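A.B. asks: Numbered by my numbering, the letters in the sequence shown go through residues 702 to 919 in order. Using N, Cα and C, we set each Cβ at its ideal position, and we do this for glycine too. These figures come from a predicted structure and were not determined experimentally.
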Amino acid sequence: MSETESPVLYSFRRCPYAMRARLGLLSSGQQFELREVVLRDKPAEMVVASPKATVPVLVLSDGTVIDESFDVMKWALGKNDPEGLLDYSDEKLDLMFELVEQSDGPFKSALDRYKYPNRYEDVSRNQQRELGAEFIRQLDALLDGQDHLFGARFSFADAAILPFVRQFAHVDRDWFWEEDWKNVIWWLEVFLESDRFKAIMHKYPQWQSGEAGIAFGA
Ligand SMILES: N[C@@H](CCC(=O)N[C@@H](CS)C(=O)NCC(=O)O)C(=O)O
Numbered sequence: 702m703s704e705t706e707s708p709v710l711y712s713f714r715r716c717p718y719a720m721r722a723r724l725g726l727l728s729s730g731q732q733f734e735l736r737e738v739v740l741r742d743k744p745a746e747m748v749v750a751s752p753k754a755t756v757p758v759l760v761l762s763d764g765t766v767i768d769e770s771f772d773v774m775k776w777a778l779g780k781n782d783p784e785g786l787l788d789y790s791d792e793k794l795d796l797m798f799e800l801v802e803q804s805d806g807p808f809k810s811a812l813d814r815y816k817y818p819n820r821y822e823d824v825s826r827n828q829q830r831e832l833g834a835e836f837i838r839q840l841d842a843l844l845d846g847q848d849h850l851f852g853a854r855f856s857f858a859d860a861a862i863l864p865f866v867r868q869f870a871h872v873d874r875d876w877f878w879e880e881d882w883k884n885v886i887w888w889l890e891v892f893l894e895s896d897r898f899k900a901i902m903h904k905y906p907q908w909q910s911g912e913a914g915i916a917f918g919a
């Protein structure tokens, strides 16, 4: 595939949804052009492609738009999955997708309210932190005796959920790192030190219309 035919990913470095999309694309080996977005100054090209205007947005060479992070991961890994992120039994895949749903639903809701309590009415920060902690304890139990959520290998679920656990952990690092969820702490630390994390977290300047983005996987 030539560079001009690469899909374009509108992305924001610190957005956990965009991070999971980059993790999926990177693992798949798919070439793509990354356009770094500043959320308060979104490029018109992105908003035209996806009027809901959230990152990530992947625009394929035939014009197809994929604007949900979960779908970007599934698209990339459905094409090519050399690390086997989706190479599990149907039963395990169902459990994986259920866990991602829990992460995107109740856990993300608790994370937002714990991180930004002033943006919500009648929210107790501690109560929200405790709701989030329940999910972390569930992950800790899954990680007992294995390096990743569904076994020895980094899976779709690890890629989809780790960026959100990172955000939760960073709200109050002292508290998080003192809690009794040693498996999660180890899992998160290994991820933060990994080449894959470093590869998706380079800092790039804001993409400007008419410029080439950053070529990935080329
Ligand atoms: N369900 C979407 C959620 C994406 C999302 O909410 N991204 C945030 C950034 S982390 C965003 O773009 N918010 C729009 C804004 O801040 O203007 C997905 O999975 O892709």
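Determine which residues share a DSSP beta bridge with D763 and list them.
C.D. replies: Note: D763 sits in no beta bridge, so no partner.
A.B. asks: With contact counted as at least three CB pairs below 8 Å, one residue from each stretch, are the region 881-896 and the region 831-840 in contact?
C.D. replies: Judged by Cβ distances under 8 Å, the region 881-896 makes contact with the region 831-840, as three or more pairs qualify.
A.B. asks: Look at the Cβ atom of S856, then the Cβ atom of L786, and state whether they are nearer than 7 Å.
C.D. replies: yes
A.B. asks: In terms of alpha-carbon separation, which member of N827, G918, A913, D859 lies closest to Q890?
C.D. replies: Residue identity check: residue 890 is Glu in the sequence provided, not Gln. Answer by Cα proximity: D859.
A.B. asks: Measuring alpha carbon to alpha carbon, tell me which of D782, I901, S707 ends up nearest D763.
C.D. replies: S707
A.B. asks: Tell me, which residues are paired with F733 by DSSP?
C.D. replies: F917
A.B. asks: Should the region 743-759 be regarded as contacting the region 812-832, the criterion being three or more beta carbon pairs within less than 8 Å?
C.D. replies: no
A.B. asks: If you measure from each residue's Cβ to the nearest non-hydrogen atom of ligand 1, which ones come out under 5 Å, in chain order?
C.D. replies: C716, Y718, L740, T755, V756, E769, S770
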